[in-house]
Structures are given as structure tokens and as C-alpha cells.
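Q:
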Amino acid sequence: PGHWVYKLNPETGKVEVLIKNLAMPNGIVFSPDGSRLYVADTGGHKRHPDPKYHDYPDTVTCYAVSKKGKLGKKLFTIDEGSDGMAVDVKGNLYLTHGQVQVYDADGKKLETIEVPEKPANVCFGGKDYKTLFITARTSLYQVRLAHAGAMSLRNK
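Everything in the sequence shown is counted per the numbering used here, starting at 14 for the first residue and increasing by one.
#1: Going by alpha carbons, who is nearest to G104 out of F43, K27 and A53?
#2: Check K65 in the structure and name its three-state DSSP category.
#3: Compare the beta carbon distance of L35 and V73 with 9 Å and say whether it is the shorter of the two.
#4: So A99 and G162 are in contact, right, with Cβ under 8 Å, and what is the actual spacing, rounded?
#5: For R167, which of helix, strand or coil comes out of DSSP?
#6: Going by DSSP, what residues sit across from L108 in a beta bridge?
#7: Taking Cβ positions, are Y69 and I91 nearer each other than 9 Å?
#8: In the DSSP assignment, the beta strand (DSSP E) including L153 goes from what residue to what residue?
#9: T148 lies in the beta strand (DSSP E); which residues open and close that run?
#10: Is it buried or exposed for A159, if we count other Cβ within 10 angstroms and need 16 for buried?
#11: Have a look at W17, P23, G56 and D96 and flag the residue whose alpha-carbon is nearest the alpha-carbon of K33.
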């Protein structure tokens, strides 16, 4: 037990720890081809019950994933946390940190999508999957985008 990322093998039911040393893992998403895993850690800050995590920063870290599903090395870290994440078909990553921050597959910031209040989560939807829905404290916002959201493995 800890603030870790786990992997469940659906065939055996075995649970394996993939990533340790996180303050508060708060989001996980794969790239469209499954070759990258993004993990948001919203940091410890003073809200964490364990003081050893109080100085952990907010981050999103990208890890390589092998074709056999094994976690590989860290590829990069974005120095912003995220309460929610989504990925589009181009591999762009949408983070909710103050506003909606958009990064390319290599961690380069592309743009900021501004909404009237702090966003909590994002997901793609609509008939063509090109609408980004953004939840916030009191409202739901939507933004039309050029690229569709990536389908999760569950939806393929």
C-alpha cells in the first residue's frame, strides 16, 4: 500500500506495482498507440497527510511502454500537475492545470485553452469525438477541436 501506480493482469488477476515514489497519483492515460504512459502526480503540498510528501511538486511524467506492456524509462516530465487528462489522435496531451494546457507527444507546450473557472477534468466526445468537454467546479464547458480524441482501448 502506498501512493503508487499499479497494473492489473486481467488474465491472472495479479496486481503489480509499476511506479512508486509518488505523492498523489491523480491521473493516468496512454498515448493512442499505447507506447507511452502519462502519470499525473498532483504533489503533496500541505494537504497531504504525510509531511514527507509536502515538498513534492506537481508533475506529469511520460514513460515508455514496450509492445509487451512492460514499463520502460522515463521519457520526460512536465512541471505541472493535472487533475484530469486526455489525449487526442495526434498524441497531444490535454492537462487541467489552472486552465487546459495542451502539450505535444514530446512534452512541448502547444497552447492554453482558457475557460472561466479552474478546470477539473477533460474528455472527448460528440459524434465525431472532436469536442473537448471540460468540467469545472460549477459548470461544464465544451470546445471544438481540429483533432479527435484518441479512443481508449476499451472503446476500440
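Think of the CB as a built atom: it goes at the ideal place given N, C-alpha and C, for glycine as much as any other residue.
A: Judging by the given coordinates:
#1: When the alpha-carbon of G104 is set against those of F43, K27 and A53, the nearest one is in F43.
#2: helix
#3: no
#4: 6 Å
#5: Residue placement at R167 is flagged as unreliable, the pLDDT there being 46, under the threshold of 50; the coordinate-derived value follows with that caveat. In the three-state reduction of the DSSP assignment, R167 falls in the helix class.
#6: M98 and Q114
#7: Their beta carbons are not under 9 Å apart, which means Y69 does not touch I91 by this criterion.
#8: L153 to R157
#9: Taken as a continuous stretch (DSSP letters only), the beta strand (DSSP E) holding T148 covers T144 to A149.
#10: Residue environment for A159: exposed (fewer than 16 other C-beta atoms within 10 angstroms of its C-beta).
#11: That would be W17, whose Cα lies nearest to the Cα of K33.
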